[in-house]
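Novice: The sequence shown begins at 1 in the UniProt record's numbering and counts up by one. Glycine included, each C-beta is placed from N, C-alpha and C at the ideal position.
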Amino acid sequence: MGASVTVAQRVAANSRCWWRNSAKLLNSVLNLAWFDRLGLPRLS
1 MGASVTVAQR
11 VAANSRCWWR
21 NSAKLLNSVL
31 NLAWFDRLGL
41 PRLS
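1. Rounded to whole angstroms, what's the CA-CA distance from Ala13 to Ser22? Just pull it up for me.
2. What residue range does the alpha helix (DSSP H) around Leu25 cover?
3. Name the residue from Leu32, Trp18, Val5 whose alpha carbon lies nearest to the alpha carbon of Ser44.
4. Between Leu25 and Arg42, what straight-line distance do the alpha-carbon atoms span, to the nearest angstrom?
The structure is reproduced here in structure tokens:
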């Protein structure tokens, strides 16, 4: 997916409220370009 080992470890280490705590890290990896490469339509 393009995440570095450090970013993947930080996201995996957030076991409590991981989505909220890791939002900035996940947004840096799962950006619009990544979804465009998958061919997914934009909803907005």
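Specialist: Quick look at the numbers:
1. For the purposes of this step, residue 13 is taken as residue 13 along the sequence shown, with counting starting at 1. For the purposes of this step, residue 22 is taken as residue 22 along the sequence shown, with counting starting at 1. If I take the Cα positions, the gap works out to 9 Å.
2. Numbered from its first residue, the sequence shown carries residue 25 at position 25. Element bounds for Leu25: 23-29.
3. For the purposes of this step, residue 44 is taken as the residue at position 44 of the sequence shown. Among Leu32, Trp18, Val5, the Cα nearest to that of Ser44 is on Leu32.
4. By 1-based counting over the sequence shown, the position of residue 25 is 25. By 1-based counting over the sequence shown, the position of residue 42 is 42. About 21 Å.
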